[in-house]
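Let me begin by presenting the structure, written as structure tokens, before commenting on it.
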Amino acid sequence: MTETVHMETHGFQTEVKQLLNLMAHSLYSNKEVFLRELISNAADAADKLRFKALSDADLYENDGQLHVRLLIDKEQRTLTISDNGIGMSREDAIQHLGTIARSGTKDFFQNLSGDQSKDSQLIGQFGVGFYSAFIVADKVTVISRVAGQTHDKAVRWESVGDGSFTVAEVTKDSRGTDVILHLKEDETEFLDDYRLRSVIGKYSDHISIPVELWKAPEAAEGEDKPATEGAWEQVNRATALWTRSAKEIKDEEYSEFYKHVSHDYEDPLTWSHNRVEGNMEYTSLLYIPARAPWDMWNREQKHGLKLYVQRVFIMDDAEQFMPTYLRFVKGVLDSNDLPLNVSREILQDNKITAQLRKACTKRVLSMLDKMAKDDADKYQKFWGEFGNVLKEGPAEDWANREDIAKLLRFASTHNDSNAQTVSLTDYVSRMKEGQNKIYFIIADSYAAAKNSPHLELLRKKGVEVLLLWERIDEWLMNHLSEFDGKKLISVTSGDLELGDLEDEESRKQQEETAKANAGLIERLKTALGSEVADVRVSHRLTETPVCAVTDGHGMSSQMMKLMKAAGQPVPEQKYILEVNPEHALIHHIADVQDEERFKEWALLLQEQAQLTEQGGLTDPSSFVARMNRLLLG
Numbered sequence: 001m002t003e004t005v006h007m008e009t010h011g012f013q014t015e016v017k018q019l020l021n022l023m024a025h026s027l028y029s030n031k032e033v034f035l036r037e038l039i040s041n042a043a044d045a046a047d048k049l050r051f052k053a054l055s056d057a058d059l060y061e062n063d064g065q066l067h068v069r070l071l072i073d074k075e076q077r078t079l080t081i082s083d084n085g086i087g088m089s090r091e092d093a094i095q096h097l098g099t100i101a102r103s104g105t106k107d108f109f110q111n112l113s114g115d116q117s118k119d120s121q122l123i124g125q126f127g128v129g130f131y132s133a134f135i136v137a138d139k140v141t142v143i144s145r146v147a148g149q150t151h152d153k154a155v156r157w158e159s160v161g162d163g164s165f166t167v168a169e170v171t172k173d174s175r176g177t178d179v180i181l182h183l184k185e186d187e188t189e190f191l192d193d194y195r196l197r198s199v200i201g202k203y204s205d206h207i208s209i210p211v212e213l214w215k216a217p218e219a220a221e222g223e224d225k226p227a228t229e230g231a232w233e234q235v236n237r238a239t240a241l242w243t244r245s246a247k248e249i250k251d252e253e254y255s256e257f258y259k260h261v262s263h264d265y266e267d268p269l270t271w272s273h274n275r276v277e278g279n280m281e282y283t284s285l286l287y288i289p290a291r292a293p294w295d296m297w298n299r300e301q302k303h304g305l306k307l308y309v310q311r312v313f314i315m316d317d318a319e320q321f322m323p324t325y326l327r328f329v330k331g332v333l334d335s336n337d338l339p340l341n342v343s344r345e346i347l348q349d350n351k352i353t354a355q356l357r358k359a360c361t362k363r364v365l366s367m368l369d370k371m372a373k374d375d376a377d378k379y380q381k382f383w384g385e386f387g388n389v390l391k392e393g394p395a396e397d398w399a400n401r402e403d404i405a406k407l408l409r410f411a412s413t414h415n416d417s418n419a420q421t422v423s424l425t426d427y428v429s430r431m432k433e434g435q436n437k438i439y440f441i442i443a444d445s446y447a448a449a450k451n452s453p454h455l456e457l458l459r460k461k462g463v464e465v466l467l468l469w470e471r472i473d474e475w476l477m478n479h480l481s482e483f484d485g486k487k488l489i490s491v492t493s494g495d496l497e498l499g500d501l502e503d504e505e506s507r508k509q510q511e512e513t514a515k516a517n518a519g520l521i522e523r524l525k526t527a528l529g530s531e532v533a534d535v536r537v538s539h540r541l542t543e544t545p546v547c548a549v550t551d552g553h554g555m556s557s558q559m560m561k562l563m564k565a566a567g568q569p570v571p572e573q574k575y576i577l578e579v580n581p582e583h584a585l586i587h588h589i590a591d592v593q594d595e596e597r598f599k600e601w602a603l604l605l606q607e608q609a610q611l612t613e614q615g616g617l618t619d620p621s622s623f624v625a626r627m628n629r630l631l632l633g
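Per the UniProt record's numbering, the very first residue in the sequence shown carries number 1; after that it's consecutive.
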């Protein structure tokens with residue numbers, strides 16, 4: 001291998017400099033995982049070559065036996081991890097080895113806490129496994145040639161882990177990539193054959209191509225010359241894990257395979273390994289992560305399963321087999337029914353794709369349902385990480401709406417905390433006699449929901465109300481209108497009905513109250529004019545003087561906020577003002593004879609209701625001035 005005259009020096013991304021510093025101080029709690037990361041990268045490169053060779057067999061260059069090889073040089077204190085996969089070009093090396101994979105670097109460093117045990121978990125989430133090489137090496141050299149390119153089109157990337165790296169054009173006889181680790185003086189344990197075999201067996205036994213170690217020639221007893229020639233010896237089992245029987249796979253193997261396909265550092269929360277034969281033949285191995293990735297809320301970010309056809313790797317991030325609301329699911333799908341030359345375009349309109357997507361979706365929902373029933377604590381951990389993503393489901397997947405609804409968790413007036421532990425099934429089991437609706441409220445915060453005046457009558461009657469305050473909740477409840485045959489009703493709706501929870505006597509009393517206060521209501525309507533849609537006596541308030549409600553077709557305040565935040569035009573919305581005629585403040589206002597002063601009180605009540613409902617006012621200074629005038633008498 002000879003270097004050409006052309007060599008360049010490049011600076012690392014600023015964030016990579018920080019990352020290398022963390023790596024140098026052993027950010028990983030267990031430094032041996034650098035080998036897992038580099039072997040996984042090499043296996044991915046082999047998978048990508050296998051896929052490209054489906055349409056161009058010449059890429060194999062008369063060498064179709066894919067492998068990962070480790071070579072020890074104790075004199076030079078180097079460990080080389082080589083593959084004969086797809087290889088990298090000069091541009092690939094600069095892009096992939098000079099920046100953190102898929103960017104997201106600002107989010108990465110914003111999440112660093114200084115706690116090594118916690119920070120180490122972020123490494124896998126941000127796809128920066130290659131840089132783990134600097135945990136054990138003080139210099140890393142990468143030599144690579146893209147499959148199908150001429151020998152003089154190779155690249156050498158090199159760095160000592162400081163602020164820069166060099167890139168040079170070199171020659172390389174074989175395709176693929178060599179990662180040469182110049183080990184630190186205190187890391188020579190990774191030059192030991194037995195140590196490497198142990199690490200490979202622990203982390204990389206599932207890799208579907210051979211991982212080989214060079215076995216040096218041995219001298220015969222009493223002789224200086226070797227009795228045998230050296231040879232490459234396979235260390236791992238090299239059988240695709242998902243093709244093996246689930247009965248023979250240990251939990252540790254499932255966990256390590258998850259880390260390989262997801263580039264995550266933590267063990268998964270749970271998984272499901274399923275083989276189907278019959279009309280369709282496929283194998284799926286699906287995982288639920290323990291922690292949400294940093295880019296979870298970027299719906300455009302790539303997600304999906306690793307797709308294999310007849311055990312041949314086809315593509316990463318095959319999103320066609322998993323709905324967007326399950327984008328956190330990782331794993332492998334291996335189909336016998338799809339063609340080997342399948343593309344993303346073909347998958348898009350393929351009937352088999354639709355069937356596989358339906359089956360995989362059902363499998364994940366079943367996994368979650370089982371977890372919720374068998375291990376409530378583990379499910380709450382899942383909900384804390386992915387609950388808001390799952391809430392997208394009822395709008396996206398109407399066919400599975402009921403199954404998704406069973407998995408949702410809420411806070412409610414049944415519990416005196418903001419813990420989202422109440423399922424709709426729990427709620428229904430506790431419904432009062434005569435109750436045929438599920439009641440909920442959406443507010444800006446848990447405190448605002450819990451203390452909303454809209455709950456007063458329901459609380460008095462002992463009726464449970466679901467408390468929601470996440471931004472996505474308005475979207476969710478617009479698409480989740482029914483569960484178990486019972487309608488979900490917002491307590492802020494103007495046409496709130498309690499059905500059989502109200503007896504005939506209370507209805508009659510409400511009618512009498514409305515008649516008795518008709519004059520007051522008319523005065524308020526006149527005073528407020530176009531400020532409100534209507535004014536009427538409230539039957540839901542017991543402690544608060546007024547509240548603002550929407551009519552049955554009006555837009556809720558939370559939906560208006562969502563639209564404004566998204567930059568969408570918001571139609572003019574006027575509230576119905578409901579008045580509690582039993583409240584002392586309403587009695588006081590009713591006795592005010594001066595109509596101008598009465599109007600000031602009416603406007604103050606309307607603003608008070610708006611403040612409670614919306615969390616803000618369009619003209620707060622006028623509200624304060626009006627309140628001060630009235631306080632001064």
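Virtual Cβ for every residue (Gly too), placed ideally from N, Cα, C.
Given residue i as reference, the closest of the options once Cα atoms are compared
i: Glu75; options: Asp192, Gly85, Val33; result: Asp192
i: Ile180; options: Asp186, Pro217, Val136, Gly163; result: Val136
i: Glu229; options: Thr270, Trp214, Ser445, Lys486; result: Trp214
i: Glu470; options: His583, Arg401, Ile441, Tyr194; result: Ile441
i: Glu37; options: Tyr258, Ala419, Asp349, Ala238; result: Tyr258
i: Glu158; options: Leu66, Ser204, Ile94; result: Ile94
i: Ser164; options: His10, Thr361, Ser174; result: His10
i: Arg523; options: Ser452, Glu595, Lys508, Ala238; result: Glu595
i: Gly462; options: Ile589, His6, Gly304, Glu502; result: Glu502
i: Ala43; options: Pro268, Lys172, Val140, Gly176; result: Gly176
i: Gly161; options: Leu333, Ala376, Leu97, Leu196; result: Leu97
i: Ser445; options: Asp473, Met431, Lys437, Lys460; result: Asp473
Endpoints, the beta strand (DSSP E) within which residue i is located
i: Trp157; result: 154–159
i: His182; result: 176–183
i: Leu232; result: Per the sequence presented here, residue 232 reads as Trp, with Leu not at that position. Its beta strand (DSSP E) spans residues 231–234.
i: Asp317; result: 312–318
i: His273; result: 270–276
Exposed unless 16 or more other CB atoms sit within 10 angstroms - verdict on residue i
i: Ile207; result: buried
i: Phe108; result: For Phe108, the predicted structure reports a pLDDT of 48, less than 50, and the residue's modelled location is therefore unreliable. A value from the coordinates is still provided. It is buried - the Cβ of Phe108 has at least 16 other Cβ atoms within 10 Å.
i: His587; result: exposed
i: Tyr379; result: buried
i: Ser530; result: exposed
i: residue 639; result: The structure shown does not extend to residue 639, since the chain is modelled only from 1 to 633, so the question has no answer here.
Residues near residue i by beta carbon distance below 7 Å, same chain, minus five either side
i: Arg626; result: Glu600, Leu603, Leu604
i: Ala354; result: none
i: Lys330; result: Tyr258, Val261, Ser262, Tyr287, Pro289
Extent of the continuous alpha helix (DSSP H) run through residue i
i: Arg197; result: 193–203
i: Ala240; result: Taken as a continuous stretch (DSSP letters only), Ala240 belongs to no alpha helix (DSSP H), as it is neither H nor E.
i: Ala518; result: 518–528
i: Ala584; result: 584–590
Alpha carbon of residue i to alpha carbon of residue j, nearest angstrom
i: Leu577; j: Leu480; result: 27 Å
i: Glu189; j: Phe410; result: 52 Å
i: Gly567; j: Gln320; result: 30 Å
i: Ser103; j: Ser89; result: A caution first: Ser103 carries a pLDDT of 38, below 50, which makes its placement in the model too unreliable to give a value.
i: Thr513; j: Ser538; result: 9 Å
i: Gln310; j: Leu340; result: 8 Å
i: Ala133; j: Phe34; result: 6 Å
i: Ser174; j: Gly64; result: 12 Å
i: Ala533; j: Ala399; result: 38 Å
i: Lys48; j: Val364; result: 27 Å
i: Val276; j: Thr283; result: 6 Å
i: Trp242; j: Asn274; result: 9 Å
i: Arg197; j: Asn236; result: 9 Å
i: Thr550; j: Asn580; result: 17 Å
i: Asp316; j: Leu307; result: 6 Å
i: Ala238; j: Ile438; result: 54 Å
i: Asn30; j: Asp251; result: 19 Å
Chain-order list of residues whose beta-carbon lies under 6 Å from that of residue i (same chain, five-residue window excluded)
i: Leu500; result: Inspection of the sequence shows that residue 500 is occupied by Asp rather than by Leu. The answer, listed in chain order, is Gly434.
i: Ile404; result: Gly393, Pro394
i: Ile521; result: Val535
Residues near residue i in its chain [Cβ-Cβ closer than 8 Å; skip 5 each side]
i: Gly124; result: In this prediction, Gly124 has a pLDDT of 42, which is less than 50 and means its spatial position is unreliable; what the coordinates show is noted afterwards. Cβ neighbours of Gly124 beyond the five flanking positions: Lys259, Ser262, His263, Asp264, Tyr265, Glu266.
i: Leu183; result: Arg77, Thr78, Leu79, Val136, Ala137, Asp138, Phe190, Leu191
i: Lys381; result: Leu269, Ala290
i: Thr361; result: Met322, Pro323, Leu326, Asp397, Asn400
Residue i beta carbon near the ligand FMN (any heavy atom closer than 6 Å)
i: Lys432; result: Ligands are entirely absent from the displayed structure, and the ligand FMN is therefore not among its contents.
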